[in-house]
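*Asks:*
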Amino acid sequence: WETPADCAYGDILYQHAEHIAKITINRPEVRNAFRPQTVRELIDAFHRAHMDPEIGVIILTGAGDLAFCSGGDQRIRGHEGYKDEAGVEHLNVLELQRQIRTLPKPVVAMVAGYAIGGGHVLHLICDLSIAADNARFGQTGPKVGSFDGGFGAGLMARTVGLKKAKEIWFLCRQYDAQEALDMGLVNTVVPLAELETVTVDWCRRMNQLSPTALRVLKSAFNADTDGLAGIQELAGNATALFYTTAEGQEGRDAFVQKRAPDFQKFPRRP
Ligand code: 2NE
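Just add 1491 to the spot in the sequence shown (first one is 1) and you have our numbering.
This is the structure:
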């Protein structure tokens, strides 16, 4: 993995290799809990990977073997959110969730150890989750006076079914990697020592495939759940593809050349 020279983060690491970006939450002393700064940096790093035409797939992970992410840093939880350096309170992880969900490249959660609370929702939001055999999953919200009633509840129910999603939130149990696999919460479970090799192998496979097909499919999977915003995402892909056609370009050219467009030459397909 290589770190770009202009990449100086405090709470995370950004690395890339072979058209894959790896974004690592780097706060192992608190099981990779996030604070507003962590989330700000994650948003910046995901934006970087999104905009980089050399990157096809993104891995999200946590530093060390003990945790993927343990959610919001409870030590700096204030009155109505997580306090930043200036004392402003945030729930900016919700913005990060939407970003991961809508950016048009596959995002893979590489999970060793705990994915708990808001950290559990982060892996849920990722397109694929690869779990090490030491991974443990669960929500703690009702135990620590919190909840995620957005994707944390709705997407969870779509992923594991309504009864199981309610169990996860209402009992605040932890589930091991095999249980997570059995309920469809992760895609595969691998020995801890093979976690990165397998994850990179999956990323390489996706990078062999059509980026446009993956892009449109990702937005298609969001479309019904996300309502008009989901349709906008899917339709944006249709617009971008239409722009590449002679028919789309005829409208632009006619405007620029100050003439009437000639759409008669284009077929009315059945
Ligand atoms: C993650 C877990 C299960 C790990 O347990 P264990 O036994 O392996 O480690 P330990 O000793 O609990 O934790 C190690 C150190 O990390 C800190 C601990 O306080 C401890 O610090 P020291 O005692 O060594 O100083 N630590 C761990 N998680 C932390 C956290 N989230 N914030 C601050 N410090 C943390 C176990 O540690 C655990 O259950 N952690 C708490 C999980 C949790 O409740 N997360 C918040 C859920 S709410 C949320 O994330 C959220 C939301 O619901 C809605 C919006 C946004 C966020």
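Even for Gly, the Cβ is constructed at its ideal location relative to N, Cα and C.
#1: Give a yes or no on contact between the segment 1685–1696 and the segment 1654–1674, applying the rule of three or more CB pairs nearer than 8 Å.
#2: State whether the segment 1493–1508 contacts the segment 1572–1586, with contact taken as three or more CB pairs (one from each stretch) at a distance under 8 Å.
#3: Between the Cα of Val1602 and those of Val1689, Pro1595, Gly1563, spot the shortest distance and give me the residue it belongs to.
#4: For Ile1567, which three-state DSSP category applies?
#5: Checking 8 Å against the spacing of the C-beta atoms, do Ile1550 and His1510 come in under that value?
#6: With 16 other CB atoms within 10 Å as the buried threshold, where does Ser1710 fall?
#7: Considering only residues of the same chain and omitting the five flanking positions on each side of Ala1648, which have a CB-CB separation below 7 Å?
#8: Looking at ligand 3, does it come within less than 7 Å of Ala1558, judged from the CB to the closest heavy atom?
#9: Check Thr1552 in the structure and name its three-state DSSP category.
#10: Taking only three categories from DSSP, how would you classify Ile1659?
#11: Could you pull out every residue in the same chain whose Cβ sits closer than 7 Å to the Cβ of Arg1486, ignoring the five residues on either side in sequence?
#12: Helix, strand or coil for Ala1600 per DSSP?
*Replies:* Considering the structure as presented:
#1: no
#2: no
#3: Nearest of Val1689, Pro1595, Gly1563 to Val1602, Cα basis: Val1689.
#4: helix
#5: At the C-beta level, Ile1550 and His1510 stay beyond 8 Å of one another.
#6: buried
#7: Within the same chain, Ala1656 come within 7 Å of Ala1648 by CB-CB distance, once the 5 residues on both sides are set aside.
#8: Absence of ligand 3 is noted for the structure shown, with ligand 1 being the only ligands found.
#9: Of the three classes helix, strand and coil, the one that applies to Thr1552 here is strand, per DSSP.
#10: helix
#11: The structure shown has nothing for residue 1486, since the chain only spans 1492 to 1761.
#12: strand
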